[in-house]
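**Student:** Quick mapping for you: the protein sequence lines, in order, are chains A and B. Each residue of the first sequence is one higher than the one before, counting from 1 in this note's numbering. Each residue of the second sequence is one higher than the one before, counting from 1 in this note's numbering. Where is the CB? At the ideal position from N, CA and C, for every residue including glycine. Below: one structure in C-alpha cells.
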Amino acid sequence: MSTIIIFLSSGLFLGWSLGANDAANVWGTAVGTRMVSFKKAALVASIFIILGAVISGSGASHTLGKLGAINELAGAFTVALAAALSVFWMTKAALPVSTSQAIVGAIIGWNLFSGSAIDMKALTKILGTWVFSPILSAVVAIVLYFVVSFVLKHWKIHLVRLDGMTRVALLTAGAFGSYSLGANNIANVMGVFVHSAAGMFTDISFGGLFSLNGVQQLFFIGGLAIAVGVFTYSKKVMMTVGSGIYELSPITAFIVVLSSSIVLFLFASRGLQELLISNNLPSFPLVPVSSSQSIVGAVIGIGIAKGGKNLNLKIVGRISLGWIATPVIAAAVAFISLFIVQNVFSQVVY
Amino acid sequence: MLFNRAKSIESNIDKYLENILKSSLIFEAGLKEYFDGKQEEFEKRSLEIQKLESESDEIRREIKYKLYKELLIPDARGDVLGLLETLDNVIDTAEMVMIRFSIEKPKVWPELKDDFIELTVASTKCVSELVSATRAFFREIGKVADCLVQVHFWEHEADNIEERIMRRAFEGDFIDKLSQKVHMRYFAERISLLADEAEDVADRLDIYTIKRSI
Chain A
1 MSTIIIFLSS GLFLGWSLGA NDAANVWGTA VGTRMVSFKK AALVASIFII
51 LGAVISGSGA SHTLGKLGAI NELAGAFTVA LAAALSVFWM TKAALPVSTS
101 QAIVGAIIGW NLFSGSAIDM KALTKILGTW VFSPILSAVV AIVLYFVVSF
151 VLKHWKIHLV RLDGMTRVAL LTAGAFGSYS LGANNIANVM GVFVHSAAGM
201 FTDISFGGLF SLNGVQQLFF IGGLAIAVGV FTYSKKVMMT VGSGIYELSP
251 ITAFIVVLSS SIVLFLFASR GLQELLISNN LPSFPLVPVS SSQSIVGAVI
301 GIGIAKGGKN LNLKIVGRIS LGWIATPVIA AAVAFISLFI VQNVFSQVVY
Chain B
1 MLFNRAKSIE SNIDKYLENI LKSSLIFEAG LKEYFDGKQE EFEKRSLEIQ
51 KLESESDEIR REIKYKLYKE LLIPDARGDV LGLLETLDNV IDTAEMVMIR
101 FSIEKPKVWP ELKDDFIELT VASTKCVSEL VSATRAFFRE IGKVADCLVQ
151 VHFWEHEADN IEERIMRRAF EGDFIDKLSQ KVHMRYFAER ISLLADEAED
201 VADRLDIYTI KRSI
C-alpha cells in the first residue's frame, strides 16, 4: 500500500494544486464578495468535489485512458509529475495553463516514449472539446443572462429578498460547480493511474447500500487531495478572483459559475451522455476540460450579452495559446522525465 | 426563515419610504396653510411632522439592526443603509424648516406668496419623485433612471423659483427693511434645501443603481 501512496504522490500533488486554483473559479466571487463565508464554501466544495469524482468521474478518465493506457505505476507517477511540473513552471512564468491540457500533453509524451500509437480519434476529440468548451460556456452564459434579466425585470423581486435568493443561488451553483469540477477534472488527477493502480484496490461494500470499486477508491483519494488543496490554499486565490481579475456582481457571478458548471458537467456525465444517445440526440464527448477557460468563456459571454464592449481579444489569444503550448511543453517534460526515471532510477515506466 | 426575515425588512423599508412621502405632503400642506395665514393649522402640521420624524428614526434603526444582525448581505447592506440615512436628511430638513417657520414667523408679502407656494410644491415634488426612485431601486431597478430625471428636473425648478424670490425681494420696492429682505431670502433657501437634500440622495441612488445592474 505504501508503494502505491508513494507513486500516487505526484497525482495527489496535482490534485492539491487543482483544489488550490480551480475551486476559486467556482467560489471566487461568492467568497471574495463575502456573500458566502470561506469555511462554508470550502466545506461544500470538498464534499461535492469528492461526490462528483466518485460518482461521475469515470467518463472523462476513460477518454484519457484511450489516449494512453499507462500500464506501469512508475510511468503513471512520472506522467502526473511531468504534468504537475509543467503547470508549476508555466504558472511561475505567468503563462496561461490548465491541468487538463498539461496531463494530455504528458500522456502524449508517454506515448512517444513508450512507442505506443497515439489514438488520433481520441486526441482530435479532446482538442476539439478544448476549443468548443469556452465557446459553449459563452453561449450558455448569454442564454442564462437573458433569462435572468427577463426574470428580474418582470418578477419585481425586492432587493433584500433578491440578495437572500442570490446567496442561496450562489451556494447551489457552487455545489453543482464543485460536483462538475470533481466529475470532470478527477481524470487529470487520477486518470493516468487507472490502468496501473486501480486493480490493487479491493472493492469495499458499505453495508450492502453501496460499494466502491478500485477506480472509485482511487478517485476518492484524488478527491481528498483536491479538498486538501481547497482548505489549505484556495482562500488567497478566491480573494484575488473575487476582488481583482474580473469584478462581477453576485448575480453575474452566479450566471458565470452556473454556465461553466453546466459545461463541465456536459463533458463529464456518462448518464447524460447515455440519455442523449438513447433519445437520438447529439451527445457530448467525455473529456477533461479546463474550468478556468470555461469561466473565462462565460465571462466573455456576459460581455457579449451586454453589447460586446468588454470583449478582450488578448484573453482569447492567450486561451488559444494554452491549447497548443501547454500540451507541447508537458509532452516534452514527460518524455525527459520518463527517460530519467527509467535510466537513472531503473523503474519500469511502460 | 430567510424569506420571513426578508419580508419583515421589506415592510419596514416600505413603511419608512411611506413616512418620507407623508412628511413631504405634510410639509406642503403645512406651508400652504402658513402662507394663507392659518397659523393654528400650521402648528398642528409642524407637530405631526415631528412625530413622523421620530417614528421614522425608530424604523431606520430597526432596519439597520435587522440588516446587520439577521440578514448579512454585504454587497448591498452598506448601500441600503447609506441610502436610508441620507433619506433621513430629507425628513429632518422638512421638520427643521417647519420649526423655523414656527419660531421666526416670517412675514410673507402678498407679492411673494405665489412664488413661495410654487417653491414649496417644486421641492415636495422633488421628494415624491425621489421616493418613487427609491421604491424602483428596491423592486424595479430599470425604472430608477426615469424617476431620477424627474428629481433633477424639480430640483432645478426649485433653484429657479428660489432665485426669482430673492431677486423680487431685493429688487422690488415692496419690502423696506434689509433685514426683512434677508429674511425672505433665508426662507426661500430653506424651502429649496429640501429639494437639494433630495437631489443628494438621488446622486447616491444613481451610483447604487449602476452597481446593482447585472
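Run through the segment 13–65 of chain A for me and flag every whole alpha helix (DSSP H) of 4 or more residues, listed as ranges in chain order.
**Tutor:** 38–56, all fully within the segment 13–65 of chain A.
**Student:** With a threshold of 8 Å, are at least 3 pairs of Cβ atoms found where one atom belongs to the segment 72–82 of chain A and the other to the segment 313–326 of chain A?
**Tutor:** Touching, no, given that fewer than three Cβ pairs across the two stretches are closer than 8 Å.
**Student:** With distances taken from CA atoms, which of B:K32, B:K64, B:F138 and B:V182 is nearest I117 of chain B?
**Tutor:** Reading the second sequence from its first residue, position 117 is the one you call residue 117 of chain B. When each option's Cα is compared against that of I117 of chain B, the closest is B:K32.
**Student:** Do I20 of chain B and V80 of chain B have their C-beta atoms closer together than 8 Å?
**Tutor:** In the second sequence, counting from the first residue as 1, residue 20 of chain B sits at position 20. In the second sequence, counting from the first residue as 1, residue 80 of chain B sits at position 80. Not in contact: I20 of chain B and V80 of chain B (Cβ atoms no closer than 8 Å).
**Student:** Which of the three DSSP states, helix, strand or coil, is assigned to S205 of chain A?
**Tutor:** Counting from 1 along the first sequence, the entry for residue 205 of chain A is found at position 205. Strand at S205 of chain A.
**Student:** Compute the Euclidean distance between the alpha carbons of N188 of chain A and S61 of chain A, then round it to the nearest angstrom.
**Tutor:** In the first sequence, counting from the first residue as 1, residue 188 of chain A sits at position 188. In the first sequence, counting from the first residue as 1, residue 61 of chain A sits at position 61. When rounded, the distance between both Cα atoms is 8 Å.
**Student:** Could you round the C-beta distance between Y350 of chain A and A20 of chain A to whole angstroms and report it? I think they count as a contact, below 8 Å.
**Tutor:** Against the first sequence, residue 350 of chain A aligns to sequence position 350. Against the first sequence, residue 20 of chain A aligns to sequence position 20. Actually they do not touch by this definition, with Cβ atoms about 31 Å apart.
**Student:** To the nearest angstrom, how far is the alpha carbon of L148 of chain B from that of A305 of chain A?
**Tutor:** Locating residue 148 of chain B in the second sequence gives position 148, counting from the first residue. Locating residue 305 of chain A in the first sequence gives position 305, counting from the first residue. Going from the Cα of L148 of chain B to the Cα of A305 of chain A covers about 26 Å.
**Student:** Helix, strand or coil: how does DSSP classify L281 of chain A here?
**Tutor:** On the first sequence, position 281 is the one that residue 281 of chain A refers to. Coil.
**Student:** Below 7 Å CB to CB, which residues in the same chain sit around T129 of chain A once its five sequence neighbours on both sides are set aside?
**Tutor:** Walking along the first sequence from the start, residue 129 of chain A turns up at place 129. Hits under 7 Å: F267, P285, V287 and V289.
**Student:** Taking DSSP as the reference, what is the three-state secondary structure of L17 of chain B?
**Tutor:** Here residue 17 of chain B corresponds to residue number 17 of the second sequence, with the count starting at 1. Of the three classes helix, strand and coil, the one that applies to L17 of chain B here is helix, per DSSP.
**Student:** Run through the segment 28–78 of chain B for me and flag every whole alpha helix (DSSP H) of 4 or more residues, listed as ranges in chain order.
**Tutor:** Listed in chain order, the complete alpha helix (DSSP H) runs (minimum 4 residues) inside the segment 28–78 of chain B are 39–69.
**Student:** Closer than 9 Å, Cβ to any Cβ of chain A: which residues of the segment 115–146 of chain B, in chain order?
**Tutor:** Those would be F137, F138, R139, E140, I141 and G142, in chain order.
**Student:** Can you tell me the Cα-Cα spacing of L159 of chain A and F138 of chain B, whole angstroms?
**Tutor:** Position 159 of the first sequence, counting from 1, holds the residue named residue 159 of chain A. Position 138 of the second sequence, counting from 1, holds the residue named residue 138 of chain B. When rounded, the distance between both Cα atoms is 5 Å.
**Student:** Output, in chain order, the set of chain A residues within a Cβ distance shorter than 7 Å of I9 of chain B.
**Tutor:** The residue labelled residue 9 of chain B in the question sits at position 9 within the second sequence. Under the 7 Å cutoff, chain A gives V160.
**Student:** Since K153 of chain A meets chain B, which of its residues come closer than 9 Å, beta carbon to beta carbon?
**Tutor:** By 1-based counting over the first sequence, the position of residue 153 of chain A is 153. Per Cβ cutoff of 9 Å: E140, I141 and G142.
**Student:** Does the distance from the C-beta atom of A330 of chain A to that of S9 of chain A stay below 8 Å?
**Tutor:** As a working note, residue 330 of chain A is residue 330 in the first sequence. As a working note, residue 9 of chain A is residue 9 in the first sequence. Their beta carbons are not under 8 Å apart, which means A330 of chain A does not touch S9 of chain A by this criterion.
**Student:** Between which two residues does the beta strand (DSSP E) holding F210 of chain A run?
**Tutor:** By one-based count along the first sequence, residue 210 of chain A stands at place 210. Where F210 of chain A is concerned, the enclosing beta strand (DSSP E) stretches over F210 to L212.
**Student:** Under the assumption that S123 of chain B contacts I26 of chain B (Cβ atoms under 8 Å), give the Cβ distance between them as a whole number of angstroms.
**Tutor:** The residue you call residue 123 of chain B lines up with position 123 of the second sequence. The residue you call residue 26 of chain B lines up with position 26 of the second sequence. Wrong, their Cβ atoms sit about 13 Å apart, outside the cutoff.
**Student:** With distance defined between alpha-carbon atoms, name the residue in A:W89, A:L67 and A:S46 nearest to H195 of chain A.
**Tutor:** As a first step, residue 195 of chain A must be located in the first sequence, where it is residue number 195. Minimum Cα distance to H195 of chain A is reached at A:L67.
**Student:** Judging by CA-CA distance, which residue of A:N71, A:S283 and A:L136 is the nearest neighbour of V192 of chain A?
**Tutor:** Against the first sequence, residue 192 of chain A aligns to sequence position 192. Among A:N71, A:S283 and A:L136, the Cα nearest to that of V192 of chain A is on A:N71.
**Student:** Which residue spans inside the segment 79–114 of chain B form an unbroken alpha helix (DSSP H) run of at least 4?
**Tutor:** For the segment 79–114 of chain B, not a single whole alpha helix (DSSP H) run of length 4 or above is found.
**Student:** Short check: CB of A76 of chain B to CB of D163 of chain A, under 8 Å?
**Tutor:** In the second sequence, the residue the question calls residue 76 of chain B occupies position 76. In the first sequence, the residue the question calls residue 163 of chain A occupies position 163. In contact: A76 of chain B and D163 of chain A (Cβ atoms closer than 8 Å).
**Student:** By Cβ distance below 8 Å, which residues in the same chain neighbour F339 of chain A in space, the five residues on each side in sequence not counted?
**Tutor:** Mapped onto the first sequence, residue 339 of chain A falls at position 339. The residues are F113.
**Student:** For A76 of chain B, go through chain A and note every residue whose CB falls closer than 7 Å to its CB, in chain order.
**Tutor:** As a first step, residue 76 of chain B must be located in the second sequence, where it is residue number 76. Here the neighbours are L159 and D163.
**Student:** Return the Cβ separation of I4 of chain A and A169 of chain A in integer angstroms, given the expectation that the two are a contact with Cβ distance under 8 Å.
**Tutor:** As a working mapping, residue 4 of chain A is identified with position 4 in the first sequence. As a working mapping, residue 169 of chain A is identified with position 169 in the first sequence. 41 Å between Cβ atoms; not a contact.
**Student:** Cβ atoms of T166 of chain A and I251 of chain A: under 8 Å apart, would you say?
**Tutor:** Working through the first sequence from its first residue, we reach residue 251 of chain A at position 251. Working through the first sequence from its first residue, we reach residue 166 of chain A at position 166. In contact: I251 of chain A and T166 of chain A (Cβ atoms closer than 8 Å).
**Student:** Given a threshold of 16 other Cβ atoms within 10 Å of its Cβ, counted over all protein chains shown, does D36 of chain B qualify as buried or as exposed?
**Tutor:** As a working note, residue 36 of chain B is residue 36 in the second sequence. D36 of chain B comes out exposed.
**Student:** Could you tell me if T124 of chain A is buried or exposed, where buried requires 16 or more neighbouring beta carbons within 10 angstroms of its beta carbon?
**Tutor:** Reading the first sequence from its first residue, position 124 is the one you call residue 124 of chain A. The residue is exposed, with fewer than 16 neighbouring Cβ atoms inside 10 Å.
**Student:** Just mark F345 of chain A as buried or exposed, buried being the case when its beta carbon has 16 or more other beta carbons within 10 Å.
**Tutor:** Counting from one through the first sequence, the residue named residue 345 of chain A turns up at place 345. So F345 of chain A ends up on the exposed side.
**Student:** Which one of B:K69, B:K66 and B:R164 has the shortest CA to CA distance from M184 of chain B?
**Tutor:** As a first step, residue 184 of chain B must be located in the second sequence, where it is residue number 184. Of the candidates B:K69, B:K66 and B:R164, the one whose C-alpha sits nearest the C-alpha of M184 of chain B is B:R164.
**Student:** Along chain B, in chain order, which residues have C-beta atoms closer than 8 Å to that of K156 of chain A?
**Tutor:** Taking the first residue of the first sequence as position 1, residue 156 of chain A is located at position 156. Chain B residues near K156 of chain A: R139 and E140.
**Student:** Comparing alpha-carbon positions, which option in B:L47, B:V201, B:I210 and B:S213 lies nearest G82 of chain B?
**Tutor:** As a working mapping, residue 82 of chain B is identified with position 82 in the second sequence. It is B:V201 whose Cα lies nearest to the Cα of G82 of chain B.
**Student:** Within its chain, find whatever has a CB closer than 7 Å to the CB of V148 of chain A; leave out the 5 residues flanking it on each side and keep chain order.
**Tutor:** Here residue 148 of chain A is taken as the residue at index 148 of the first sequence, counted from 1. The answer, listed in chain order, is I251 and I255.
**Student:** Secondary structure at E118 of chain B, three-state DSSP: helix, strand or coil?
**Tutor:** Sequence index remark: in the second sequence, residue 118 of chain B carries index 118 (1-based). E118 of chain B: helix per DSSP, three-state reduction.
**Student:** Let me know if K51 of chain B comes out buried or exposed under the rule of 16 or more other beta-carbons within 10 Å of its beta-carbon.
**Tutor:** For the purposes of this step, residue 51 of chain B is identified with residue 51 of the second sequence, where counting begins at 1. When all chains shown are included, K51 of chain B counts as exposed.
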